[in-house]
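Following my numbering, the numbering of the sequence shown begins with 848 at its first residue and continues without gaps.
Every residue gets a Cβ at the ideal spot worked out from N, C-alpha and C, and that includes glycine.
None of these values were measured; they are calculated from a predicted model.
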Amino acid sequence: MNLPLYIARRYLFSKKSHHAINIISGISVCGVALATLAMVCTLSVFNGFQDLVASFFTAFDPELKITVRQGKVFDAQDERLAQVRALPEVDVFSCSLEDNAMVQYKGKQAMVTLKGVEDNFEQLTDIDSILYGRGHFMLRDEVADYGIPGIQLTSVLGSGIAFVDPLEVYVPKRKARVNMANPAASFNKSYLYSPGVAFIVNQQKYDDSYILTSLDFARQLFDYDNEVSAVELKLKPDADIARTKEKISDIMGPDFTVADRYEQQADVFRIMEIEKLIAYLFLTFILLIACFNIIGSLSMLIIDKKADVATLRSLGADDRLITRIFLFEGRMISLLGAVAGILAGLALCYVQQRFGLLTLGNSADSFVVEAYPVSVHAVDILVIFVTVIAVGFLAVWYPVRYLSRRLL
């Protein structure tokens, strides 16, 4: 039997001679539990927002994207791409070409990113889920070329979603010098009509400046033949993304990069991870302050148990055993607070997921979701538990040793 642990457990759960000590011990446990609960809920909300943002990109970004390391474009007829297309894990293989352009609509101008895609872009992404308007996804027909703009871009140009007049698209001629006498001759010009829809990704990068059109239109406008700026892939449901990515990287070699959805938006997710880390550090500091209640509780307990300590000394207990008793007492308070806080936090997260009690605002149209999104990650729970235990153990170690020497 571990004697210090047994005595510490009796001290923690037994009634003290002074009722205030019981109250302070309870406050200590509650303080640690509340700090732990706050960590569980806060980090889970950050996870929820991260998953929400990832779902936006899922509708626009491919599962894997192949780009060249140097330069803008590469030959779409590269034999290595044929090997990638033949992989059993690949479900949809699609080429795209994007570059900067200027568009004009009834005198209003805007710089945009024009992205030419193939007709199978619908199968590659969930683009249909983010289209708004009475039309449908269409890039070209026998009569005209069509452009699908981001929702905010239609507002900037004042065109609306189903614009009647075409967008005028200008890009500098890639193979010609600037004609100072006639600058307009240095630009390729073409027109894009509306298919009656616009897309909304809920990300400024896309909604403010992107226009989707056909790959053939983009090649003609940018003076390219078979070149593309990216090859975008959708994998079969049973394919392992990480292994397939590694396999494609081996095929394409060091001149190309293969990025998954998180790597395609690395800056966005990196910022969110930094915000989550800052919140974690801030809450850890609050947890450290909450642990000072444990020191106060132990101080009063040491004073209250002076007679018991004297009895133990007369029975042969040394200073090390007595110190361990109160160390175990402080650690048990931290452990109880950690377990109670994690369980309460998980329960609160479940209620929020199920019923959405905590809402973002009163107007349903003001936010993408009505309630705070929550996603519990097992790794976060493990990190929180280790943090609470470590902070609690370290917070009581030196004070207990100091108080034992001064008060006993």
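(request) Could you check how far apart the C-beta atoms of Phe907 and Asn1049 are, in whole angstroms? I think they sit under 8 Å. (result) The C-beta distance from Phe907 to Asn1049 rounds to 10 Å, too long to meet the 8 Å contact threshold.
(request) Can you tell me the Cβ-Cβ gap for Phe968 and Val1075, rounded? I've got them flagged as a contact below 8 Å. (result) About 13 Å separates the two Cβ atoms, so there is no contact after all.
(request) With a threshold of 16 other CB atoms inside 10 Å of the CB of Glu945, please say whether the residue is buried or exposed. (result) Burial call: buried.
(request) Sort out for me which residues DSSP pairs Ser1037 with in a bridge. (result) Val1016, per the DSSP bridge assignment.
(message) So within the stretch 919 to 980, which uninterrupted beta strand (DSSP E) runs reach at least 3 residues, ignoring any that extend past its ends?
(response) Within the stretch 919 to 980, the complete beta strand (DSSP E) runs of at least 3 residues are 937 to 952, 955 to 964 and 978 to 980.
(message) For the pair the stretch 1226 to 1235 and the stretch 913 to 920, tell me if three or more CB-CB distances fall below 8 Å.
(response) No: the two stretches stay apart, fewer than three of their Cβ pairs being nearer than 8 Å.
(message) Measuring only the C-alpha atoms, how far is Asp1087 from Ala933?
(response) Straight-line Cα distance between these residues: approximately 16 Å.
(message) Taking the alpha carbon of Val1018 as the reference point, which residue from Leu1168, Ser1037 and Pro1101 has its own alpha carbon closest?
(response) Nearest of Leu1168, Ser1037 and Pro1101 to Val1018, Cα basis: Ser1037.
(request) Would you mind reading off the limits of the beta strand (DSSP E) that contains Ile1136? (result) Note, Ile1136: premise wrong, no beta strand (DSSP E); alpha helix (DSSP H) at Ala1113 to Ala1137.
(message) Does Gly997 come out as helix, strand or coil in the three-state DSSP assignment?
(response) The three-state secondary structure of Gly997, taken from DSSP, is strand.
(request) Mind the definition here: the stretch 1051 to 1071 touches the stretch 954 to 972 only if three or more C-beta pairs lie below 8 Å; say whether that holds. (result) By the Cβ rule, the stretch 1051 to 1071 counts as touching the stretch 954 to 972, because three or more pairs are nearer than 8 Å.
(message) Whether or not the stretch 1003 to 1023 and the stretch 1037 to 1047 are in contact is what I'm after, with contact meaning three or more pairs of Cβ atoms, one per stretch, closer than 8 Å; do they touch?
(response) Counting Cβ pairs under 8 Å, three or more are found: they touch.
(message) For Val1247, which residues in the same chain have their Cβ closer than 7 Å to its Cβ, ignoring the five residues on either side in sequence?
(response) Leu1145, Thr1170, Phe1173, Leu1174 and Gly1177, listed in sequence order.
(message) Taking the alpha-carbon of Asp1102 as reference, which of Val876, Phe940, Asp925 and Ser1033 has the nearest alpha-carbon?
(response) When each option's Cα is compared against that of Asp1102, the closest is Asp925.
(message) At the level of alpha carbons, what is the spacing between Glu1122 and Leu971?
(response) Each residue's CA atom was taken as its position, placing Glu1122 and Leu971 some 31 Å apart.
(message) Tell me whether the stretch 1176 to 1192 and the stretch 883 to 895 touch, counting them as touching only if at least three CB pairs, one residue from each stretch, are closer than 8 Å.
(response) The stretch 1176 to 1192 and the stretch 883 to 895 touch, with no fewer than 3 CB-CB distances between them shorter than 8 Å.
(request) Measure the CB-CB distance between Val1238 and Leu1135 and report whether it falls below 7 Å. (result) Yes, Cβ-Cβ distance for Val1238 and Leu1135 is below 7 Å.
(message) Can you tell me whether Tyr1057 is helix, strand or coil according to DSSP?
(response) Tyr1057: strand per DSSP, three-state reduction.
(request) Specify the secondary structure class of Leu1174 as computed by DSSP and reduced to three states. (result) Reduced to three states, the DSSP call for Leu1174 is helix.
(request) Compute the beta-carbon to beta-carbon distance between Gly997 and Ala1045, rounded to the nearest angstrom, for a pair I have assumed lies under 8 Å. (result) At roughly 7 Å, the Cβ-Cβ gap stays under 8 Å, so Gly997 and Ala1045 are in contact.
(request) Reducing DSSP to helix, strand and coil, say where Asp908 ends up. (result) Taken through DSSP and simplified to helix, strand or coil, Asp908 comes out as coil.
(message) Here's the rule: buried if 16 or more other CB atoms are within 10 angstroms of the residue's CB, otherwise exposed. What is Pro935?
(response) Here Pro935 is exposed. Its C-beta has fewer than 16 other C-beta atoms within 10 Å.
(request) Take the Cβ of Phe940 as the centre, count every other Cβ of all protein chains shown within 10 Å, and call the residue buried at 16 or more, exposed below. (result) That one is buried.
(request) Spatial neighbours of Ala1106 within its chain, please: CB distance less than 6 Å, with the 5 preceding and 5 following residues excluded, ordered by chain position. (result) Contacts found: Lys912.
(request) With distances taken Cα to Cα, identify the nearest neighbour of Val900 among Arg987, Asp1072, Ile1141 and Gln1111. (result) Closest by alpha carbon: Gln1111.
(message) Please report the straight-line C-alpha distance between Tyr1127 and Lys1092, rounded to a whole angstrom.
(response) In this structure, the straight-line span from the alpha carbon of Tyr1127 to that of Lys1092 is close to 32 Å.
(message) Applying the 10 Å Cβ sphere with the 16-neighbour rule, what's the burial state of Gln1199?
(response) When all chains shown are included, Gln1199 counts as buried.
(request) Note down, in chain order, each residue of its chain lying with its Cβ closer than 7 Å to the Cβ of Ala991, except the 5 sequence neighbours on either side. (result) Correct list, in chain order: Tyr1040.
(request) Please name the residue in Leu1193, Phe893 and Thr1104 whose C-alpha comes closest to that of Ile1118. (result) It is Phe893.
(request) Just the C-alpha distance for Arg987 and Gly1005, rounded to the nearest angstrom, thanks. (result) So the two alpha carbons sit approximately 23 Å from each other.
(request) Using 10 angstroms around the beta-carbon of Pro1084, count the other beta-carbons present and answer buried if the total reaches 16, otherwise exposed. (result) Under this definition Pro1084 is an exposed residue.
(message) Please report the straight-line C-alpha distance between Cys1138 and Ser1181, rounded to a whole angstrom.
(response) Counting only the Cα atoms, Ser1181 lies some 8 Å from Cys1138.
(message) Taking 8 Å as the limit between beta carbons, can you name the residues of its chain near Leu1082, skipping five residues before and five after?
(response) For Leu1082, same chain residues with a beta-carbon under 8 Å away, outside a window of 5 residues either side, are Glu910, Leu911, Glu936, Val937, Asp938, Ile1088 and Thr1091 in chain order.
(request) Go ahead and label Ser943 buried or exposed: buried means 16 or more other beta carbons lie within 10 angstroms of its beta carbon, across all protein chains shown. (result) Ser943 comes out buried.
(message) Residues in the same chain with beta-carbon distance under 6 Å from Leu890, minus the five sequence neighbours each way, listed in chain order, please.
(response) Correct list, in chain order: Asp1227.
(request) Could you please give the first and the last residue of the uninterrupted alpha helix (DSSP H) stretch that includes His1081? (result) The sequence shown places Lys at residue 1081, rather than the His named in the question. First-last for Lys1081: Ala1077 to Leu1082, but that is the beta strand (DSSP E), not the alpha helix (DSSP H).
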